[in-house]
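Worksheet for the structure shown next.
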Amino acid sequence: MRHGKQRLQLNRFTSWHKATLKSLAKNMIIHQNIKTTLSRARAVKPLVEKLISLSKANTLSAKRQAFKVLGDHKLVSLLFKDIGPLFSKRNSGGYTRIINLIKRRGDNAQMVIFELTEKKVKEAKKVKKAKGSNAEPNAEEPVITKEKTNEEKKVVKTAPALVKERQELIKKPARKFLSGIRKIFRKKGDSL
Numbered sequence: 001m002r003h004g005k006q007r008l009q010l011n012r013f014t015s016w017h018k019a020t021l022k023s024l025a026k027n028m029i030i031h032q033n034i035k036t037t038l039s040r041a042r043a044v045k046p047l048v049e050k051l052i053s054l055s056k057a058n059t060l061s062a063k064r065q066a067f068k069v070l071g072d073h074k075l076v077s078l079l080f081k082d083i084g085p086l087f088s089k090r091n092s093g094g095y096t097r098i099i100n101l102i103k104r105r106g107d108n109a110q111m112v113i114f115e116l117t118e119k120k121v122k123e124a125k126k127v128k129k130a131k132g133s134n135a136e137p138n139a140e141e142p143v144i145t146k147e148k149t150n151e152e153k154k155v156v157k158t159a160p161a162l163v164k165e166r167q168e169l170i171k172k173p174a175r176k177f178l179s180g181i182r183k184i185f186r187k188k189g190d191s192l
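Using full-length UniProt numbering, you'd call the opening residue of the sequence shown number 1 and step up by one each time.
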């Protein structure tokens with residue numbers, strides 16, 4: 001008999017249940033927040049908190065235990081180098097939080113954002129410039145500016161030409177059959 005063996009099974013058999021929890025834990029470590037259902041978030045919360053507690057220890061044994069759950073060396077190093085130090089000041093628990101969202105339209109399941117309470121700030125990506133285009137011209141290279149000639153300035157368009165030009169700009173593409181129906185059934189905040 002299964003007395004006292006309650007857990008959130010998520011309506012799955014054992015291997016599928018373990019795979020679901022492993023996948024959710026991996027995504028939580030990579031992205032630091034995920035959008036999922038309330039029952040899945042509650043099921044994976046103890047596992048993620050245990051992994052973060054292991055990462056605070058930062059021992060070889062703890063790394064091996066984390067690898068047993070995650071199964072990826074890169075994720076283990078990310079957990080121990082980036083996420084563990086964020087929670088070094090916290091003594092016990094409280095590493096994650098669940099924030100409620102609207103219910104999912106298809107099956108009315110409660111959607112939540114499951115996230116870490118402390119997040120690593122991502123650095124803004126620097127925009128790479130092409131070799132040929134520099135923001136500031138060098139002193140050696142001459143600066144070329146285009147000056148308008150008198151002929152270019154004197155071009156005047158007639159009224160019918162302006163009307164045609166505006167109509168071409170205003171012309172919209174042909175509407176598809178289902179485009180109007182989608183707007184009717186779409187709720188604000190839906191992903192469809």
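Beta carbons are placed, not taken as given, at the ideal position from N, Cα and C, and that holds for glycine. From a predicted model like this one, the values you see are computed outputs, not experimental measurements.
| task | Would you check if the segment 96 to 112 and the segment 32 to 47 touch, i.e. whether three or more CB-CB distances between them fall below 8 Å? | result | yes
| field | Between the CA atoms of Lys119 and Ser88 - distance to the nearest angstrom | value | 13 Å
| request: Output the boundary residues of the beta strand (DSSP E) element that contains Ile98. | output: Thr96 to Lys103
| Closer than 7 Å, CB to CB, is Ile34 near chain C or not? | Any reference to chain C falls outside this structure, which holds one protein chain only.
| Inter-residue spacing [alpha-carbon to alpha-carbon] between Arg40 and Glu49 | 14 Å
| field | Inter-residue CB distance, residue 239 and Ile83 (contact presumed, cutoff 8 Å) | value | Lying outside 1 to 192, the shown extent of the chain, residue 239 is not represented and no answer is given.
| Do Ile29 and Leu86 have their C-beta atoms within less than 7 Å of each other? | no
| said: Tell me the residue span of the alpha helix (DSSP H) that contains Leu51. | reply: Leu38 to Ala57
| request: Can you grab the Cα-Cα spacing for the pair Gly93 / Ile102, in whole Å? | output: 27 Å
| Alpha carbon to alpha carbon, what distance is there between Ala25 and Pro46? | 10 Å
| task | Return the residue from the list Pro160, Glu115 and Ala62 that minimises the CA-CA distance to Asn27. | result | Glu115
| task | Rank His17, Asp107 and Lys56 by C-alpha distance to the C-alpha of Arg90 and give the top, closest one. | result | Lys56
| Going by the beta-carbon positions, is the gap between Ala43 and Leu79 smaller than 7 Å? | no
| task | Consult DSSP for Asn33 and reduce its assignment to one of helix, strand or coil. | result | strand
| said: Going by DSSP in three states, Glu123 sits in which element: helix, strand or coil? | reply: coil
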